[in-house]
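Undergrad: Sharing a structure below in structure tokens format, with a few things to ask.
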Amino acid sequence: MIELSRTQDEEVGNGTTTVIILAQALPQLERNIYPVQIIAAFKRALADALNIIEEISLPVNINDDKAMYSLISSSIGTKFVSRWSELICNLALKAVRTVSHDVGRGKQEVDIKRYARVEKIPGGEIEDSKVLDGVMLNKDITHPKMRRRIENPRIILLDCPLEYKKGESQTNIETSKEETGTVSSKSKKSNNVTALRRVRKTDNNRIARATGATIVNRVDDIQKSDIGTHCGLFQISKIGDEYFTFITHCKYPKACTILLRGPSKDILNEIERNLQDAMAVARNVMFHPRLSPGGGATEMAVSVRLAQMAKAVEGVQQWPYKAVAEAMEVIPRTLIQNSGSSPVRVLTQLRAKHAEGGSTWGVDGDKGGLVDMREYGFGNRRR
């Protein structure tokens with residue numbers, strides 16, 4: 014159950030409670046049905062359910078900010094950041110659009126895990142949070158006289174050392190007038206080069222994607238095409254007691270940093286968790302731009318249709334198939350119970366509506382009555 018919920022959170026960013034409720038409503042082993050038959054029936058029910066959802070869902074214009082905000086807000090409406098819903102939706106949508114990359118054949122790559130990094134700095138207001146069109150690192154220059162601000166910089170990314178190192182003879186004495194690291198730093202400073210050291214490989218990958226640079230493994234192999242020229246501003250600023258490097262104003266970033274500000278680390282950690290959920294939802298909408306009705310309408314539509322289709326299923330697979338149809342009713346039933354209404358009466362009315370073809374009818378979570386989700390709000394966050 015824990016792995017199921019964790020996978021749901023990572024892949025979808027929402028619905029962790031729903032999958033647990035549905036899973037506990039699907040016990041079949043006690044009926045002495047072989048697991049192979051159960052799995053086959055569940056797979057068949059899954060395929061049919063996805064087709065039903067596709068039929069009742071509506072297309073979403075991913076370029077329409079208002080529609081996207083409404084959809085993303087439904088995933089964070091009951092969470093800590095709900096009072097800053099517009100801000101979080103804006104951060105999530107901007108970050109996802111920034112890292113979105115066309116890989117050809119009409120397909121998109123949206124890797125928020127690798128290319129959308131969240132940096133939390135305690136202090137300031139939550140409203141000060143923003144998405145940087147580039148990369149921010151918790152790094153300072155290696156020499157105090159190096160430049161801290163460069164406009165339109167030319168960037169080289171190295172995955173190799175520039176210092177002297179032991180040869181194959183494994184000598185244990187190194188003779189130098191300067192401490193190891195200082196020689197290289199002074200050489201760079203004298204050539205008007207600003208350097209950062211010990212940058213993580215994941216950060217190097219994001220810088221490469223944002224600036225157009227190529228990570229080089231050997232200094233002798235550097236080509237003109239390896240130099241990153243898409244960055245508009247390199248700047249090092251002090252925030253609190255720490256120095257941060259900003260590589261921003263990139264022409265085609267394709268990687269970003271979400272800078273979160275807030276009064277404490279605990280609050281920032283909670284905001285980050287909610288923001289990750291919002292970004293996961295926005296990412297999935299980019300892949301599948303369709304919206305299904307909330308308020309238990311989708312689950313009831315699937316339940317009613319699967320119950321009808323179960324009559325065509327032969328053999329013992331009919332029982333697990335029917336179990337899926339029955340389990341889907343647990344979502345609208347829970348919504349009715351939480352609103353204080355009579356589950357038997359309202360659920361019977363809702364079942365009748367869907368039997369007549371009203372696949373967009375769901376439950377008003379506040380009053381416990383039935384509403385058409387097209388009028389109430391197709392992707393309303395009360396779902």
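Using the working numbering, you'd call the opening residue of the sequence shown number 14 and step up by one each time.
For every residue, glycine included, the Cβ atom is placed at its ideal position computed from N, Cα and C.
To the nearest angstrom, how far is it from the Cα of V376 to the Cα of L100?
TA: Near 28 Å, if we compare the C-alpha coordinates of L100 and V376.
Undergrad: What residue from V116, V25, T207 has the CA that sits closest to P157's CA?
TA: For the residues V116, V25, T207, the minimum Cα distance to P157 belongs to T207.
Undergrad: Between which residues of its own chain and V25 is the CB-CB distance below 8 Å, once the five residues before and five after are set aside?
TA: Excluding positions up to five away in sequence, the list reads A293, V294, N297.
Undergrad: Relative to the C-alpha of G371, which residue among M313, D77, G241 is closest?
TA: Measuring from the Cα of G371, the nearest candidate turns out to be M313.
Undergrad: Going by C-alpha distance, which of Y47, S95, I134 is nearest G328?
TA: It is Y47.
Undergrad: Going by alpha carbons, who is nearest to R128 out of I75, C269, K143, A221?
TA: Looking at the sequence shown, residue 128 is not Arg but Tyr. The residue with the shortest Cα to Cα distance from Y128 is C269.
Undergrad: Count the other C-beta atoms from every protein chain shown that fall within 10 angstroms of the C-beta of P174, then say buried if there are 16 or more, exposed otherwise.
TA: Exposed, since its Cβ has fewer than 16 Cβ neighbours within 10 Å.
Undergrad: Quick one, which of W374, V337, R364 has its alpha-carbon nearest A60's?
TA: Out of W374, V337, R364, V337 has the C-alpha closest to the C-alpha of A60.
Undergrad: Going by CA-CA distance only, name the one from S83, N103, V49, T31 that's closest to L273.
TA: Answer by Cα proximity: N103.
Undergrad: Give the secondary structure of P345 by DSSP, where H, G and I count as helix, E and B as strand, and everything else as coil.
TA: Residue state, collapsed to three classes: helix.
Undergrad: So what's T270 in DSSP terms, helix, strand or just coil?
TA: T270 falls in the strand class under three-state DSSP.
Undergrad: Between which residues of its own chain and K152 is the CB-CB distance below 6 Å, once the five residues before and five after are set aside?
TA: The answer, listed in chain order, is L209, T258.
Undergrad: How is the beta strand (DSSP E) around H114 delimited, first residue to last?
TA: Element bounds for H114: 114 to 117.
Undergrad: Considering only residues of the same chain and omitting the five flanking positions on each side of K380, which have a CB-CB separation below 6 Å?
TA: Nothing meets the Cβ criterion.
Undergrad: Would DSSP call T227 helix, strand or coil?
TA: If DSSP states are grouped into helix, strand and coil, T227 belongs with coil.
Undergrad: Decide if P72 is buried, meaning its Cβ has at least 16 other Cβ atoms within 10 Å, or exposed.
TA: Counting Cβ neighbours within 10 Å, P72 comes out exposed, since fewer than 16 surround it.
Undergrad: Use the C-beta contact count for G378: other C-beta atoms within 10 angstroms, 16 or more gives buried, fewer gives exposed.
TA: That one is buried.
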